[in-house]
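Going from the sequence shown to my numbering is simple: count from 1 and add 613.
Below: one structure, written as structure tokens.
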Amino acid sequence: MKRNCKWLCALAFLSAMTFAGCATVPTGGDATDGGITEGEEAVLPDAPLNPPEELPDNVQPQINHVTYIKMASDGVNIRSGAGTGYTSLGYAEKNTLYSLEGTVGNWYKTKYKGMEAYIYKDYCLLVEFEKADDEVEQVIDYGTRFMGVKYVYGATRYHNGNGVLLSGFTESAFDCSSLMQYIFKKGANVNLQVTTRTQVVQGKTVTGSLRRGDLMFFTNETRKNKTGVERIGHVALYLGNNYILHTASDYAKIEQISSARWGYYIQSQRFF
614 MKRNCKWLCA LAFLSAMTFA GCATVPTGGD ATDGGITEGE EAVLPDAPLN PPEELPDNVQ
674 PQINHVTYIK MASDGVNIRS GAGTGYTSLG YAEKNTLYSL EGTVGNWYKT KYKGMEAYIY
734 KDYCLLVEFE KADDEVEQVI DYGTRFMGVK YVYGATRYHN GNGVLLSGFT ESAFDCSSLM
794 QYIFKKGANV NLQVTTRTQV VQGKTVTGSL RRGDLMFFTN ETRKNKTGVE RIGHVALYLG
854 NNYILHTASD YAKIEQISSA RWGYYIQSQR FF
């Protein structure tokens with residue numbers, strides 16, 4: 614089963630938040646891709662329901678938007694190449710987002726654990742966000758390459774808070790504040806401090822609506838009864854549409870802010 618995605622990609626670029634599915638997909642289950650579930654064949658519909666008319670070939674993407682891959686199923690293989698014969702680098706979680714770097718046949722090209730990676734289209738949707746300033750986009754773009762990198766509490770920072778590089782740093786392990794520090798430095802040459810409690814006093818406190826590129830600070834279960842900056846226990850990068858890029862307890866990902874996490878929200882800081 615294949616679906617003509619040309620109209621989907623064009624339609625996605627015509628809206629500030631358009632979902633463009635390549636196919637109806639099964640939910641849940643084990644690792645899948647290419648219509649295959651490990652150990653058995655996945656059952657997919659033969660054709661999309663109520664397919665719209667194909668848009669003209671001359672419809673162009675809007676340059677003021679950025680498109681992401683959204684996972685429509687759990688446990689989808691993220692592979693090192695555009696085919697089921699390539700090594701699986703990991704598994705995607707339903708509703709998480711990945712950067713869209715291009716297409717190769719029936720596969721979307723993305724970034725994962727610092728590497729080029731591919732996800733089968735039939736298990737994906739496309740979503741759009743309005744672009745921010747170049748510096749913000751560079752920070753976000755740099756962050757998307759580390760999706761799937763494991764969370765390690767107290768991971769070594771890239772620098773000491775003033776730009777002096779530290780020994781022992783690796784791109785294969787981050788906690789929330791070390792990830793933000795690294796992508797702000799590499800993406801926009803901004804020196805963030807080394808913990809959430811020192812980062813929260815940097816930049817300008819947001820008093821109105823959140824913008825793409827703002828740093829969001831949260832408390833957590835162990836710190837919620839503390840006062841001042843000692844309440845702060847987590848930081849994430851806001852992307853818009855209630856999505857954040859962050860790492861917390863498992864691995865780096867882009868996901869929606871849950872109602873539970875909103876309950877821990879303290880404040881946001883703006884740097885651009």
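Beta carbons: idealized from backbone N, C-alpha and C, even for Gly.
None of these values were measured; they are calculated from a predicted model.
Contact between W720 and K734 holds: CB atoms are separated by about 6 Å, below the 8 Å threshold. Distance from the CA of M684 to the CA of F742, rounded to the nearest whole angstrom, comes to 16 Å. Look at the stretch 773 to 849 and you find these whole runs of alpha helix (DSSP H), each 4 residues long or longer: 789 to 801, 809 to 812. Using a Cβ-Cβ distance cut-off of 8 Å, the stretch 724 to 734 and the stretch 814 to 826 are not in contact, since fewer than three pairs of beta carbons, one from each stretch, lie closer than that value. When secondary structure is reduced to three states using DSSP, E750 falls in the helix class. In terms of Cβ geometry, F787 and A768 form a close pair [threshold 8 Å].
A730: member of the beta strand (DSSP E) spanning 728 to 733, first to last residue. Here V752 is buried, its C-beta having at least 16 other C-beta atoms within 10 Å. With fewer than three CB-CB distances shorter than 8 Å, the stretch 830 to 842 does not count as touching the stretch 755 to 764. Rounded to whole angstroms, the separation of the alpha carbons of W875 and I857 is 12 Å.
In terms of Cβ geometry, Y771 and F782 form a close pair [threshold 8 Å]. D754 and E868 have their C-alpha atoms roughly 15 Å apart.
Using a 10 angstroms sphere on the CB of K817, the tally of other CB atoms stays under 16, which defines it as exposed. Comparing alpha carbon positions, the residue from V689, C789, K866, H678 closest to Y704 is V689.
T716 is bridged by DSSP to Y721. The three-state secondary structure of G756, taken from DSSP, is helix.
By the neighbour-count criterion, in which 16 or more other beta carbons inside 10 Å mark a residue as buried, I676 falls on the exposed side. Beta-bridge pairing by DSSP links S881 to M829.
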